[in-house]
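Residue numbers for the sequence shown follow numbering that gives the first Met the number 0, beginning at 0 and rising by one.
Quick reminder that beta carbons are idealized off the backbone N, C-alpha and C, glycines included.
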Amino acid sequence: MILLAVTLTLFPLLYLTLELPKRIINDAIGSGSASISAYGFEFTQVQYLLLLCGAFLVAVLLHGIMKMRINTMKGVLAERLLRRFRYTLIARILRFPQPYFERTSQGELVSMVTAESEPMGGLMGDAVAQPVLQAGQMLTILGFLFFQSVAFGLAACALIPLQAWLIPRLQKQINKLNKKRVIQVRALAAEIGEGAAGASTLRVNGGWRYRMAMIGDRLGRLFDIRFQIYQKKFFMKFINNFITQLTPFFFFSIGGYLVIRGDVTIGALVAALAAYKDLSSPWKELLAYYNQSADMSLRWETITERFAPEGMVDDALVYGPVEDVPRLTGDIVLDQVTVRDGDGNPVLEDITVTLPAGAVIGISATNDEDRRALAEVLTRETLTTSGTVTLAGHDIKTLHQSVIAKRVGHATSRPIMFQGSFGDNVLMPVRFAPVDGVEADDFAREAVRAGNTADMLGAQWLDPAIAGVDSPDDLRAWWTKLIEGMGSGAALTRRAMDQQCDAEAHPKLSEALIALRPKVAQALADAGLDKFVHRFEPDAYNPALPVAENLLFATPRIDITPEVLAARIDFLRLLNKLKLAGDLEELARNIIDLLRQIFGANGTDHPLFRKVGLDVAVYEAALDLVTRKSPGTTITDEELALLLSVPSRITAEQIGPAFPDEVRAKVLDMRQGHADALRAQMEDLFAPITPDGPLVGLSVLENVIYGKVSESAGTKAEDLRRVVSDVLQAEGVNPLVLELVFDVPIALGGANLPALFAEPLSISRATIKRPDILILDRVMASYDTEAQEALFSNLRRLLPEATLIFLNEAFEDESAFDMHFEIQQGRLVGAEGARAAADSDVGADLARKVDALSATPMFSGLKRKQLRLLAFGARWYTAQQGDYVFHKNDAPRDGAYMVIDGEADLLLPQEGADPRLIATVGSGALVGELGLIRGEPRALDMRAKSELTCLRISEEDFMAVVENDAATAFRLLQVVAGYVST
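Right, dumping it as structure tokens:
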């Protein structure tokens, strides 16, 4: 409303800018009298001219200021609404059902939220002000023209109806072409992504020319569409411009005629021409606004269609207020639950079961799809197609998302991880909402105005009460118990020993490590591992430290670059004062020359060079410098800093035996004479190495052993870590070391995190909130059976009231659970409920084939969709006792045979004798697959030993499964290995 009110104030000022020039020409310049009476005052002609010109200048200035203000307000409104729109889209993404992400490209969603929504922001700001502003300007100008002459007004607006009728129709055609263009661009993006991912496959299999022809075809279609757009768009512009230029013809002809007759003044004609010139601009803006609105409405439909999938969680259940967060400590009841995939095929079918509260339940399902679907149903990530899920008496569809977030935990062996730190990911459940808000500032108020959340990132989010503890320290202690309960404590401790130990952030740990140095040294000596430690000795050169750190006998606080050294003018002057600059330059030249001999000028892409850790640009610049300027040549401070940055990276151990002893001796001589003075000058960049102080920038392991592990330790390095870990465990320091795991950085998508960290992260994230229901899907998959069974009992002890549901392919000891169920092909074995009736005889036949294939070891692990495709192509084959299925040397074109019922003999024909029995196969055996793989004739006869029922799988279908499913290919490899062994 404020923007609209400000817009309306613009029109009187606009009218003044049109009226005053006419008055200046007619009343001041053309008055014909030296004295002019106006507004009750007498003015000379010059005074009146200056008065009107001054008024015109003021009107133009105010008009410009108001227009600037309107544009600024429109920009703010546009950005605010765009921010609201994007926030809404992202909020809707968080409500999408999980299966929707499997059918929708994440890149497409990102593009729509960012690039495709960007142009809509401008239209949002213009939605009210632009039509009012431009239409108001048009009406003001037309009113002015009609006041001058009715003929002028009619001439100005005579062709507007024609434009208003014609232009929208042409724009509508362009919009349809734009829609086609967007579809083609998205298809092109998908093909580019597919081609980039499969570039190696295209090269190896010779598919790049066909692929490029496909890309060329797509680009050609885009070209054709764009060509049509250009033709129509520029034709529309031509018509619009021609009609616009027709009006001045009427002004000059009719207006000139009226001036000649004396019906209007020359000033009125000039003012009318100027006014019409201003009229064309708002009219063009209105047409552009219409065109943009039409284009944006199409874009709006496209985006909103993609952001409104079926099965979205109700907005009120996610972002609405919650009155109560009930405990879910009752039974879990699934009543005739059926879940279908996007193609309408059942994934879970008619499951009816009651899971008692507080029980430890094991559910076996060989199919990943079955396990994932059940877990998603219990966490409401997937809504049931039919049936109900009740948690402690609450229909899961009516529960607020905060109840599920706080009361239900879910972990997998492949968790989704977010960029940040290990601790950020683990503590996500206990950062549900701000505990203490921050004082509202302009940033917060603007967020609320834009429809964004009022929750500020800088607020206190950590809420230990969610985990049932009182303080952050208690929360960390609870996490440590969980890690120990998983059996991951020792392994994580050894891994955490590679983390840097910041004495300021972790003072207790730093003090403990310093105190334990003698015990650790003794333990390593007793184990015979002390020889693999390069201890820090003030009178010895440490081969594991770079040259610069050996010189100063200190460790860097920050990364030492040429720019950092060049900025230390006082340090460089001190080197010259102490007459060390020449020696250090010579030392740096020797090291650079040594690197040149090893790697050459172009060997920077070698893995060993990357292992050195020297920046390629620094090395190349330093090598160029020593090549250009021979020893003894004067160099600048910047060049000296460049040379000195090389020894700050290189260690003798990295170079190996080629590292000169003369360099070691020279460094020690300079350290003994000048280390204190040099360290004093560089104390903000380097921290001294002392036996009773922390080692800045070094790891926990290096701090506690007071040295560096030798690269020659090999496998003994792991023994060394184990000894140190045992000492830390015995002294009770392990929990302090484990806290460093919270600081482990996690890259985008957790790409840098090994399974050793990923699985404990997943479990601890699910359990740290003390859930009432805990669902663990193949967790600790990389651990042995004993460790997994220990996890069952430890979680029962740590979460005594929770209902624990473990999902896995199979369990070796089912007695470890209070209850055990098995899911086969989406149905609960032995549970209530019969299979849903097939829709047709064809559907029933397909279901029988799927059941038969899924019961065989070879294909039991296939996903449901692959099984259905394989079953669809398979054909039933029956044979009576004594019938031959195929003979030796037959072509394998008929495919492979999966024995479903009965037995068959595999026979080797012999000349002049009965065939020799090689093997007898029964239900579940796959026969003839080797011939398909090798493309060779049958090696044996296959004869029915009893009445035989098989599924015949064609060559094309069988090879498609083997080539696209790694698990099936591995099972086939095991079968082939069995043939070789027999």
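Between Ala33 and Gln44, the C-beta spacing is below 8 Å.
Tyr540 sits close to Leu667, with the two beta carbons spaced by under 8 Å. Nearest to Thr784 by alpha-carbon distance, out of Asn589, Gln418 and Phe810, is Phe810. Taking all protein chains shown into account, Gly484 has 16 or more neighbouring C-beta atoms within 10 Å of its C-beta and is therefore buried.
Along the length of the segment 514-600, whole beta strand (DSSP E) runs at least 3 residues long occupy 532-534 and 553-555, reported in chain order. In this structure, Phe10 is the residue among Ser104, Arg94 and Phe10 with its C-alpha nearest to the C-alpha of Val59. Spatial neighbours of Gln909 in its own chain (CB-CB distance under 7 Å, excluding positions within 5 residues in sequence) are listed in chain order as Arg915. Distances from the alpha-carbon of Gln680 to those of Gln728, Ile591 and Lys576 put Lys576 closest.
Close CB contacts of Leu316 within its chain, under the 6 Å cut and outside five residues either way in sequence, are with His399 and Gln400 (chain order).
A straight-line Cα-Cα distance of about 13 Å links Ile159 and Pro167. Between Asp900 and Ser922, the beta carbon gap of about 6 Å places them in contact (Cβ cut-off 8 Å).
The shortest CA-to-CA distance from Arg572 to any of Asp636, Val388 and Ile28 is the one to Asp636.
Under the Cβ criterion (8 Å, minimum of three pairs), the segment 80-90 counts as touching the segment 108-117. The residue among Leu81, Phe143, Ala374 and Val131 with its C-alpha nearest the C-alpha of Glu117 is Leu81. Counted as a single uninterrupted DSSP element, the beta strand (DSSP E) harbouring Arg915 occupies residues Ala912 to Val920.
Between Gly343 and Leu773, the C-beta gap is not smaller than 8 Å, which leaves the two residues out of contact.
Residue ranges of uninterrupted alpha helix (DSSP H) with 4 or more members, entirely inside the segment 46-105 and ordered along the chain, are 97-102. Between the C-alpha atoms of Phe957 and Ala895 there is a straight-line separation of about 8 Å. The DSSP assignment places complete alpha helix (DSSP H) segments of no fewer than 4 residues inside the segment 741-809 at 754-766 and 784-797, in order along the chain. Using a 10 angstroms sphere on the CB of Met211, the tally of other CB atoms stays under 16, which defines it as exposed. Between Leu642 and Leu624, the gap from beta carbon to beta carbon is short of 8 Å. In this chain, the beta strand (DSSP E) harbouring Trp875 covers Arg874 to Ala878. Close CB contacts of Pro463 within its chain, under the 7 Å cut and outside five residues either way in sequence, are with Val429, Asp469, Ser470, Pro471, Asp473 and Leu474 (chain order). Uninterrupted alpha helix (DSSP H) stretches at least 4 residues long and entirely within the segment 145-219 occur at 149-156, 159-196 and 198-203, given in chain order.
For His819, there is no enclosing alpha helix (DSSP H); the residue is part of the beta strand (DSSP E) that begins and ends at Met818 to Gln823.
Per DSSP, the continuous alpha helix (DSSP H) segment holding Pro11 begins and ends at Leu9 to Arg22. Burial check for Ala786: the Cβ neighbour count within 10 Å stays below 16, so the residue is exposed.
Rounded to the nearest whole angstrom, the C-alpha separation of Thr139 and Leu13 is 7 Å. Going by DSSP, Pro471 is part of the alpha helix (DSSP H) stretching over Pro471 to Met485. Contact annotation: Ala410 and Ser953 have beta-carbon atoms that are not nearer than 8 Å. From the listed residues Thr6, Arg102 and Lys231, the smallest Cα separation to Gln133 is found for Thr6. For Lys944, no beta strand (DSSP E) segment is defined, and its DSSP state is neither H nor E. By the criterion of a C-beta distance shorter than 7 Å, Ser30 is surrounded in its chain by Gln44, once the five residues flanking it on both sides are discounted. Distance from the Cα of Ile649 is smallest, within the candidate group Ile559, Glu300, Ala566 and Ala565, for Ile559. Between the C-alpha atoms of Phe431 and Val425 there is a straight-line separation of about 12 Å. Our two residues, Pro345 and Gln335, have alpha carbons roughly 13 Å apart in a direct line.
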